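J.: Here's a structure for you.
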Amino acid sequence: MNFLVTFFRFLFHIGYFGPFVMGVLDSSFLVLPFGNDLVVVGLVARQPHGVPWYVLSAALGSTVGALVLALVSRKLGEEGLRKLAGDGRYEKLKSRIGNRAGLAVAVAGLAPPPFPFTTVIAAVAAFGYPLWRILLVNFFARAVRFTVLALLALKYGRAVMVIGRSSPFKWSMAVFIVLCLVASGFSIWQWLRKPMRSKK
451 MNFLVTFFRF LFHIGYFGPF VMGVLDSSFL VLPFGNDLVV VGLVARQPHG
501 VPWYVLSAAL GSTVGALVLA LVSRKLGEEG LRKLAGDGRY EKLKSRIGNR
551 AGLAVAVAGL APPPFPFTTV IAAVAAFGYP LWRILLVNFF ARAVRFTVLA
601 LLALKYGRAV MVIGRSSPFK WSMAVFIVLC LVASGFSIWQ WLRKPMRSKK
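Residue numbers (this note's numbering): 451 to 650.
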């Protein structure tokens, strides 16, 4: 628990780089719904003058995280993705994405959880959608999303800070983060386990 508190304090302490670090983790293999949203909102509520830099940092971090995820997925290929997701889920992904890969990435970047952001990025990368397009679309979609969040934080920032300092909120967030870290560990284990099996 202390580690998690220290981690978030570290993210707030490094200021403009906080959303970048959280963005890389949040958009790759870490399962932490609203993780970077909370970091951006908290920082904007504390320092409203930094809005453009927090938005840019969060969007860049998310794009770097998506790059890592896309590169791993590209190595796995469609066959690896099929083994990872299962036949049924794979076929659903393929039929839904089809020729609308760019739109799928844009929606994934804009939509809040539980929309499966990492699944969409992994799928479009494995299906061969150009890497530079994935990154470009993701960057602009995330920039729009974090701009909206930052504007909301400017309006409701004081209320956010009051809620954020309350003990029930801190404890509920701590429990939530622990669950997300467990899910993240499982997610990473799944990604590593399937390729190893396929090599055998």
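In this text, a Cβ means the ideal position worked out from N, Cα and C, and glycines have one as well. Quick caveat, the model's predicted, so the values are computed rather than measured.
Determine, using beta carbons only, whether residue 574 and residue 547 come nearer to each other than 8 angstroms.
T.: Sequence index remark: in the sequence shown, residue 574 carries index 124 (1-based). Sequence index remark: in the sequence shown, residue 547 carries index 97 (1-based). Cβ distance < 8 angstroms, so residue 574 and residue 547 count as in contact.
J.: Within 10 angstroms of its Cβ, does residue 456 collect 16 or more other Cβ (buried), or is it exposed?
T.: Here residue 456 is taken as the residue at index 6 of the sequence shown, counted from 1. Residue 456 comes out exposed.
J.: Compute the beta-carbon to beta-carbon distance between residue 588 and residue 512, rounded to the nearest angstrom, for a pair I have assumed lies under 8 angstroms.
T.: As a position in the sequence shown, residue 588 is number 138, starting the count at 1. As a position in the sequence shown, residue 512 is number 62, starting the count at 1. Contact holds; Cβ gap of about 6 angstroms.
J.: According to the neighbour-count rule (16 or more other Cβ atoms, all chains shown, within 10 Å of its Cβ), is residue 545 buried or exposed?
T.: Translated into the one-based positions of the sequence shown, residue 545 becomes position 95. Counting Cβ neighbours within 10 Å, residue 545 comes out exposed, since fewer than 16 surround it.
J.: Can you have a look at residue 570 and say buried or exposed, based on whether 16 or more other CB atoms are within 10 angstroms of its CB?
T.: If you number the sequence shown from 1, residue 570 lands on position 120. Residue 570 should be labelled buried.
J.: Please report the straight-line C-alpha distance between residue 584 and residue 598, rounded to a whole angstrom.
T.: Locating residue 584 in the sequence shown gives position 134, where the first residue counts as 1. Locating residue 598 in the sequence shown gives position 148, where the first residue counts as 1. When rounded, the distance between both Cα atoms is 21 angstroms.
J.: Once you ignore the five residues that flank residue 520 on each side, which residues in its own chain have a CB closer than 7 angstroms to its CB?
T.: Translated into positions along the sequence shown, residue 520 becomes position 70. Cβ within range, chain order: 571, 575, 581, 584.
J.: Quick one: what's got a C-beta closer than 7 angstroms to residue 504's C-beta in the same chain, skipping five residues either side?
T.: The residue given as residue 504 occupies position 54 in the sequence shown. Sequence-distant Cβ neighbours of residue 504 in its own chain, meaning closer than 7 angstroms and more than five residues away, are 466, 469, 490, 493, 494, 600.
J.: With a threshold of 7 angstroms on Cβ separation, who are the neighbours of residue 517 within its own chain once the five nearest residues in sequence on each side are excluded?
T.: On the sequence shown, residue 517 is found 67 positions in, with the first residue counted as 1. The residues are 585.
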